[in-house]
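Worksheet: one structure, shown below.
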Amino acid sequence: MRFAPEPPAVADPPVAGILLVNLGSPAAPKAAAVRSFLRHFLADPRVVELPRFRWWLLRNLVILPFRPFRAARAYRRIWTEEGSPLVITGRQQAADLEWKIAQQIDRPLPVFSGMRYGKPSIKAALDVLRRRGCRRILVLPLFPQYSATTTASVFDEVMRELSTWRRYPELRTITEYHDHPAYLSALVSSLQDLWQSGGKPRRLLLSFHGLPVRYVEAGDPYPEQCRRTAAALADRLDLDPKSIVTAFQSRFGREPWVGPNTNDLLRKWGHENLDRLDVMCPGFAADCLETLEEIDIAGRKIFDKAGGGAFRYVPALNRRSDHISALAEIAIEHLGGWIV
925 MRFAPEPPAV
935 ADPPVAGILL
945 VNLGSPAAPK
955 AAAVRSFLRH
965 FLADPRVVEL
975 PRFRWWLLRN
985 LVILPFRPFR
995 AARAYRRIWT
1005 EEGSPLVITG
1015 RQQAADLEWK
1025 IAQQIDRPLP
1035 VFSGMRYGKP
1045 SIKAALDVLR
1055 RRGCRRILVL
1065 PLFPQYSATT
1075 TASVFDEVMR
1085 ELSTWRRYPE
1095 LRTITEYHDH
1105 PAYLSALVSS
1115 LQDLWQSGGK
1125 PRRLLLSFHG
1135 LPVRYVEAGD
1145 PYPEQCRRTA
1155 AALADRLDLD
1165 PKSIVTAFQS
1175 RFGREPWVGP
1185 NTNDLLRKWG
1195 HENLDRLDVM
1205 CPGFAADCLE
1215 TLEEIDIAGR
1225 KIFDKAGGGA
1235 FRYVPALNRR
1245 SDHISALAEI
1255 AIEHLGGWIV
């Protein structure tokens, strides 16, 4: 059957539901699970814009046979007894956000977490919202800075799933919130909390996920929005603007990526014997492989080996109350007319 049958009607359905989305994670820190995850991730044409046959050869003959073993080792370094930090935090963020919104609008609104790749899937989260009777759905990707490789890919998957529904819901989407005051305030508070207990650094590095230059030249606004976030933070912090530097991490492949590269700066500053460095990743709403392993473990090692001094990784906003409040404020702004 092409179109799924509608679930039984709900007697008192909520006025709307919220789909909270992040990138996703392998099901386990093992090569087979990582290979399955990467196969799904790297098959997304939003992520890799290359001729399909050429990319099929690279993906299946060069990347997937070998990369999962190295990536699995990295995942094992951050895995917890409960599972993937990103998936666990995503589930908790959804529950926290549901509670916060209910407190503010005095009515329950279901919030469910879905991952673009892996489980819990966007399909599974949408199915739950449908069974709960949600005829209006707000999609909130946890990517503050818009990119076609992340945010647009989420919307693609949502629309792909909704195309199988017999009865279409009203749909609203949040494309970005890189300059939202509540988001910026949460970032500032996170830094100030650290500095109150441990003092200010000599330099603050704001590390965002990277992107091929080719995508930016085609019109992707992502790096510009990253720099706007960084500039807004610099305005709100009592630091010399020269001591705040923006960089981009997770470079992959041989083509040029947006720079400067995070690892290159860590190595350079280590050689210069920089004594106190804080690293924050404002583009990640929850800690994951790219923050916990790539920055806090591998990045720290690069800086230390090159001769650097104290290195502090500033945790992602995760479940901080000001972060959940910011997400609630952003969501409620986009629910106007639905929650009169």
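Residue numbers (the working numbering): 925 to 1264. Every residue, glycine too, gets a C-beta built ideally from N, C-alpha and C.
query	result
Other residues of its chain near Val1169: CB distance less than 6 angstroms, five sequence neighbours each side excluded	Leu1129
Nearest neighbour of Phe993, chosen from Val986, Arg976, Ala956 [CA to CA]	Ala956
Option nearest Gln1173 by Cα separation, candidates His1247, Ser1167, Lys1166, Gly1183	Gly1183
Own chain residues within Cβ distance below 6 angstroms of Phe1227, not counting five before or after	Leu1190, Gly1194, Phe1235
Under 8 angstroms between C-beta atoms of Gly948 and Leu1053	no
Proximity to Tyr999 [Cα-Cα], best of Arg959, Ala1018, Arg976	Arg959
Test item: CB-CB of Thr1074 and Pro1065 under 8 angstroms	yes
Rounded straight-line distance, which links the Cα of Val1063 to that of Phe1036	10 angstroms
Buried or exposed (CB count within 10 angstroms, at least 16 for buried), Val934	exposed
Given Ala1210 as reference, the closest of Leu944, Asn1197, Pro937, Arg1224 once Cα atoms are compared	Leu944
C-beta contact flag for Gly1042 and Pro950 at 8 angstroms	yes
Contact between the stretch 971 to 987 and the stretch 1091 to 1109 (3+ Cβ pairs under 8 angstroms)	no
Member of Phe1079, Pro1206, Pro1044, Arg1200 whose CA lies at the smallest distance from the CA of Ile1061	Phe1079
Euclidean distance between Cα positions of Tyr1146 and Ala1076	12 angstroms
Identity of the residue in Gly1207, Gly1223, Gly1260 nearest His1102 by Cα	Gly1207
Collapsed DSSP secondary structure at Trp980 in the structure displayed	helix
beta-carbon Ala1156 near the ligand HEM non-hydrogen atom, thresh 7 angstroms	Although the ligand HEM was asked about, the structure shown includes no ligands whatsoever.
Burial state of Glu1022, where buried means 16 or more other Cβ atoms lie within 10 Å	buried
Cα-Cα separation, Ala1110 to Ser1008	24 angstroms
Backbone CA spacing between Glu1253 and Trp1262 [nearest angstrom]	15 angstroms
Unbroken beta strand (DSSP E) run spanning Thr1170, endpoints	1168 to 1173
Segment limits, beta strand (DSSP E) that includes Thr1013	No beta strand (DSSP E) contains Thr1013, which is instead part of the alpha helix (DSSP H) from 1009 to 1029.
6 angstroms Cβ shell around Arg1059 - same chain, five flanking residues per side excluded	Pro1093
For Leu1064, the first and last residue of its enclosing beta strand (DSSP E)	1060 to 1065
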